[in-house]
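>
Chains as they are written, first to last, in the numbering used here: chain C, 1 to 389; chain E, 1 to 228.
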């Protein structure tokens, strides 16, 4: 062990015997540990919810979507389908048919509500059925098994002139609790979507699902190369870009807010080390008289800061990770499941986030030691030994 | 002719603290030949300790020049000056200045550890030195567990750890009773002879000073050599 390390560790161990320094050292370590634990639990809570949203993104959004760079419809949908089908890892492809419509009661008496209908390739509703959101069901006063009328913005010619295209569909399922759904989303079968969109053939876009959603970027590059220009190829991450950005922003804001606790703890570390520098002024003078360099004295206090940082960070991580795992495993925070569709608050500990918290806390503790350590290095040895007679 | 171990010329030192500046001395010149045991006497406040600090390079003169063992500490970069101090100069302070968190052996091992010696070897050498100053078996004792005389002997062992060519002792017996002071001073003389180093001892004890090779007397007017 280096001379500086052994001195720093001894100072830290001995601080318990010096009441005032010991108290401040304990507060420094405890403050840092509390900050780290709070940060770990906060991010685990956020990750618990966000992981569910991300899983829904992967489950309910197409992993790849190919649309024309210009225009509303694909010029050559068959070629797009062939290219997508040949990409390794693609499980299935389906045309995306979507459009705008109005939803109303079957008789069309009530006020129609604007909706966005789309065909879905994964577990599509049966022919003649629709899947609507809870908000839409509430506004239409309808539920599973009841019928609603979807009236398209498109028209068709009839002997009495152009009349709107409409379809009577039965509500198959009411979707609840997904951050991905907008209130006016309606999922229908491909046949119903084609009818409402007045698109018996072709498609506005083609979508594909992958065996491994994390390989979407590589698959997208492959599809782009094969199709050439004139197409826009998007991954599920890009399709959910605004939501993913909002989730990242939310996490960053929580991190910065809770990290303030660590910054306050760092101020305690500054006070603790500054107090030790003043208290050990004579020792520092002795070290200099024995041939230590000012840099060596600086390293003693940086090591002290690092030791406080390491102990506080490790303690905080142990408490934070332990608490998060226990809260999730034993479902200690229950939720009213009729409101949230979740029986408990989920907590998810991500190793990358824990590593980032540890690095931030340790780095802050080390940075807090820099100022008093530099003060120690500037000490005049003659003055230190003279004043401590 | 023997070259001087210490050559100080026209030294001046003024302390500027919270009050008015205090000039300790100015125009002070001082020379000690190599291998000599020199005593410096004088009333309190004339700057005896300050002179030792300037010679040992732990303080800087406001004017003048100090050469120690043929080298000017002023001209050395900080790191080199620290190494020079570690290898060539030993300090003994009046209040021993042992580090209370460490054992006697660890205190004596510090100069080696600062020089980068592995802990095991540094402690082995420290134990040998403690044995030499009559403290065999006391190495594991904390500094506070030792008597005043023992603490000062540990401080002497620490000062000699790197086998320095110059030992500067600032009232090493000033804080001890007569019996302990005699033991410590005898030990200093013995070690001085054994190691052939140059030793400068600041003391208020005329009897101890009389047993040194050279005797310097400091006053407000300056420093002069008396017949030893």
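Idealized CB from N, CA, C, for every residue including glycine.
Which of helix, strand or coil does DSSP assign to residue 125 (chain E)?
DSSP places residue 125 (chain E) in helix when its eight states are reduced to three.
> Evaluate the contact criterion for the stretch 87-107 of chain C versus the stretch 269-277 of chain C: three or more CB pairs, one atom per stretch, below 8 Å.
With a cut-off of 8 Å, the stretch 269-277 of chain C and the stretch 87-107 of chain C do not count as touching, because too few Cβ pairs lie within range.
> Rounded to a whole number of angstroms, what is the C-alpha to C-alpha distance between residue 157 (chain C) and residue 163 (chain C)?
Distance between the alpha carbons of residue 157 (chain C) and residue 163 (chain C) is about 6 Å.
> Take the Cβ of residue 1 (chain C) as the centre, count every other Cβ of all protein chains shown within 10 Å, and call the residue buried at 16 or more, exposed below.
Exposed: under 16 other Cβ atoms inside 10 Å.
> Ordered along the chain, which non-local residues of its own chain (more than five positions away) have a Cβ less than 6 Å from that of residue 199 (chain E)?
So the qualifying residues of the chain are 37, 167 and 192.
> Have a look at residue 168 (chain C) and residue 123 (chain C) and give me their C-alpha separation to the nearest angstrom.
Cα-Cα distance, rounded: 20 Å.
> If the criterion is Cβ atoms closer than 8 Å, does the pair residue 123 (chain E) and residue 109 (chain E) meet it?
Taking 8 Å as the Cβ cut-off, residue 123 (chain E) and residue 109 (chain E) qualify as a contacting pair.
> Restricting to Cα atoms, I'd like to know which of C:43, C:28 and C:7 is closest to residue 257 (chain C).
Residue 257 (chain C) has its Cα closest to that of C:43, out of C:43, C:28 and C:7.
> Counting pairs of beta carbons, one from the stretch 180-188 of chain C and one from the stretch 210-223 of chain C, are three or more of them closer than 8 Å?
The stretch 180-188 of chain C, when compared against the stretch 210-223 of chain C, does not touch it at the 8 Å Cβ threshold.
> Who are the neighbours of residue 101 (chain E) on chain C, taking C-beta pairs under 7 Å?
The answer, in chain order, is 10, 11 and 14.
> Quick one: grab the DSSP three-state call for residue 71 (chain E).
Three-state result, residue 71 (chain E): strand.
> Is the Cβ-Cβ distance between residue 293 (chain C) and residue 32 (chain C) less than 8 Å?
Result no, Cβ atoms of residue 293 (chain C) and residue 32 (chain C) do not sit closer than 8 Å.
> Which whole-angstrom value is the C-beta distance of residue 372 (chain C) and residue 274 (chain C), which I expect to be below 8 Å?
About 4 Å; that satisfies the 8 Å criterion.
> For the stretch 169-236 of chain C, list the beta strand (DSSP E) runs that are entirely contained and at least 3 residues long, ordered along the chain.
With a minimum length of 3 residues, the continuous beta strand (DSSP E) runs that stay inside the stretch 169-236 of chain C are 185-188, 205-210 and 231-235.
> With a threshold of 16 other CB atoms inside 10 Å of the CB of residue 395 (chain C), please say whether the residue is buried or exposed.
This structure gives no information on residue 395 (chain C), because the portion of chain C shown stretches from 1 to 389.
> Within the 8 Å Cβ cut-off, does residue 85 (chain E) reach chain C?
So, interface residue.
> Ordered along the chain, which non-local residues of its own chain (more than five positions away) have a Cβ less than 6 Å from that of residue 342 (chain C)?
Taken in chain order, the residues that qualify are 335.
> Quick check on the burial criterion: 16 or more other C-beta atoms within 10 angstroms. Buried or exposed for residue 377 (chain C)?
It counts as buried.
> Can you tell me whether DSSP reads residue 7 (chain C) as helix, strand or coil?
In this structure, residue 7 (chain C) counts as helix in the three-state DSSP scheme.
> So, for residue 69 (chain C): in the same chain, excluding its five sequence neighbours on each side, which residues have a beta-carbon less than 8 Å away from its beta-carbon?
Cβ within range, chain order: 229, 230, 231 and 232.
> Give a yes or no on whether the minimum CB-CB distance between residue 304 (chain C) and chain E is below 8 Å.
Chain E, which has no Cβ nearer than 8 Å to the Cβ of residue 304 (chain C), makes this no.
> Identify the contact partners of residue 245 (chain C) in chain E, using a Cβ-Cβ distance below 8 Å as the criterion.
Those within 8 Å of residue 245 (chain C) in chain E number zero; the least Cβ separation is about 52 Å.
> Under 8 Å between beta-carbons, which chain C residues line up against residue 56 (chain E)? List them in chain order, please.
Neighbours of residue 56 (chain E) on chain C, chain order: 289.
> Take the Cβ of residue 85 (chain E) as the centre, count every other Cβ of all protein chains shown within 10 Å, and call the residue buried at 16 or more, exposed below.
Flag for residue 85 (chain E) reads buried.
> Closer than 8 Å, CB to CB, is residue 5 (chain C) near chain E or not?
Cβ-Cβ to chain E under 8 Å: no for residue 5 (chain C).
> Who does residue 94 (chain C) pair with in a DSSP beta bridge?
Answer by DSSP bridge pairing, in chain order: C:207.
> If we cut at 8 Å on Cβ distances, does residue 286 (chain C) have a partner in chain E?
Interface residue, yes.
> Is it true that the stretch 205-224 of chain E meets the stretch 96-108 of chain E, where meeting means three or more beta-carbon pairs spaced less than 8 Å apart?
At 8 Å Cβ cutoff, the stretches do not touch.
> Within 10 angstroms of its Cβ, does residue 57 (chain E) collect 16 or more other Cβ (buried), or is it exposed?
Burial call: buried.
> Determine the DSSP secondary structure at residue 51 (chain C), reduced to helix, strand or coil.
DSSP places residue 51 (chain C) in helix when its eight states are reduced to three.
> Is it right to say residue 149 (chain E) is buried, meaning 16 or more other beta carbons lie within 10 angstroms of its own, or is it exposed?
Residue 149 (chain E) is buried by the Cβ-count criterion.
> In chain E, which residues lie less than 8 Å from residue 57 (chain C) when you measure between Cβ atoms?
The contacting residues do not exist; residue 57 (chain C) stays about 57 Å from chain E at best.
> Please decide whether residue 282 (chain C) counts as near chain E, where near means a Cβ-Cβ distance under 8 Å.
Chain E contact via Cβ: present.
> Indicate the three-state DSSP secondary structure (helix, strand or coil) for residue 226 (chain E) in the structure shown.
Of the three classes helix, strand and coil, the one that applies to residue 226 (chain E) here is strand, per DSSP.
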